[in-house]
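Take a look at the structure set out below.
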Amino acid sequence: MPQKRNHATATDSRAVENFLEMLLAERGVSKNTFDSYHRDLKDLARALAGRGRAIDEATSDDLRAYLHALEKAGLSPRTSARRLSALRQFYRFLYAEGARADDPSSVLDSPKSGRRLPRYLSEEEVVALLDAVRRKADAKGLRMQALLEILYATGLRVSELVALPLSAIASDKRVLIVRGKGNKERMVPLGEPAMAALEAYRGVRKFFLGEGEESKWVFPSRGRTGHLTRQRFLQLLKELAVEAGIDPARVSPHVLRHAFASHLLAHGADLRSVQQMLGHADIATTQIYTHVLRERLRHLVDVHHPLANPR
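Under the working numbering, the sequence shown has 50 at position 63, and the numbering climbs by one with no breaks.
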């Protein structure tokens, strides 16, 4: 039986550092994903330290106790599932590297998903947002119109949108070449409204640059990052929602990403195509939108089945 330690933390563990280095070097994860894994493992380490156990010496019973404590603390099944995913990948890594002779996470049961349907705006609400932003003819209004048209046309993650490089715009301007999670590249088509909004914005883009400055970003800023931040875009989006008569609490870039996917499926797109455009590595992630497919199938049966509306 491994000897217990009294002051184990994630930051003291070389095993955690090796795992995090692997995430960056081999998987090319985003900063947000990296930080999320780091936080989850630190939380696990603190809990294990309370049991006198180091994180790289945990048993299956230790991990079960931790997950049970999360459940008692009222964490949502989705958050618990994310924590479980982090610790599973960590212990699989230790096992694969020969740092452990077993994987204590392999026998753990996943929490019941309780997965909520994605929140998204109706097509009428998106049109209201677009109508509101199209009434703005100044530089900031044209930038916001380009941001919104591109977001709704492509379903980009907000981090991909605000940090879009000029090189992402293909020579014919009909597609964006997006580098997403895991440094994976995908091509996303632009519709006519998005292309027109982008072209109009490019005529005023220099307004957001200092005198004589150049920038590699589509949406440059004079701030530290050099491009528009996610926080600023969210703020502008909330302000636009108020102008459009929509509760700003219901509007976010991620909600518009959901709207993009849901509306595509409602109009006949197939799940695989939506998966590719969203940049999901696994089709299972895209399947949260199957509620839209079920509604569409129900409608098709109601309208077209000979026995649905007998005369």
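For every residue, glycine included, the Cβ atom is placed at its ideal position computed from N, Cα and C.
Here the structure is a predicted model, which is why all the values come from computation and not from measurement.
Your pair Val229 and Pro235 checks out as a contact, with CB atoms roughly 6 Å apart and the cut at 8 Å. The C-beta distance from Leu265 to Gly142 rounds to 5 Å, short enough to meet the 8 Å contact threshold. Secondary structure note for Glu8: its alpha helix (DSSP H) is the uninterrupted segment 1 to 9. The C-alpha of Ala56 is placed about 47 Å away from the C-alpha of Arg130. Residue pairing by DSSP places Ile156 opposite Leu163 in a beta bridge.
Along the segment 196 to 222, the beta strand (DSSP E) does not occur as any fully enclosed run of 3 or more residues. Separation of the CB atoms of Leu28 and Tyr53 is rounded to 11 Å, and the pair is thereby denied contact status at 8 Å. Within the same chain, Leu129 come within 8 Å of Gly190 by CB-CB distance, once the 5 residues on both sides are set aside. Counting C-beta pairs closer than 8 Å gives three or more between the segment 166 to 186 and the segment 11 to 23, which meets the contact rule. Boundaries of the beta strand (DSSP E) around Pro176: 172 to 176. For Glu186, the uninterrupted alpha helix (DSSP H) run begins and ends at 179 to 189, by DSSP. Between the alpha carbons of Arg144 and Arg244 lies a distance of about 7 Å. DSSP, read as helix, strand or coil, puts Tyr53 in helix.
Assignment of Leu95 by DSSP, reduced to helix, strand and coil, places it in the coil class. Annotated three-state conformation of Ile233 is coil, per DSSP.
Remark: C-beta atoms of Leu258 and Thr272 do not approach each other more closely than 8 Å. Ala140 and Leu116 do not touch by the CB rule: their CB atoms are close to 13 Å apart, not below 8 Å. Asp49 and Leu35 have their C-alpha atoms roughly 7 Å apart. Residues Val242, His245, Ala246, Ser249 of the same chain have their beta carbon placed closer than 7 Å to that of Tyr107, with the five preceding and five following residues left out of the count. Nearest neighbour of Phe206 by Cα position, chosen from Val175, Ile233, Ala126, turns out to be Ala126. A straight line joining the alpha-carbon of Arg79 with that of Gly210 spans about 41 Å. If you draw a 10 Å sphere on the C-beta of Arg70, you find 16 or more other C-beta atoms in it, and that means buried.
Inclusion of Val238 and Leu251 in the CB contact set at 8 Å is not warranted, their separation being larger than that value. Judged by DSSP in its simplified three-state form, Ser67 adopts helix. Assignment of Glu84 by DSSP, reduced to helix, strand and coil, places it in the coil class. DSSP places Tyr24 in the uninterrupted alpha helix (DSSP H) bounded by 18 to 36.
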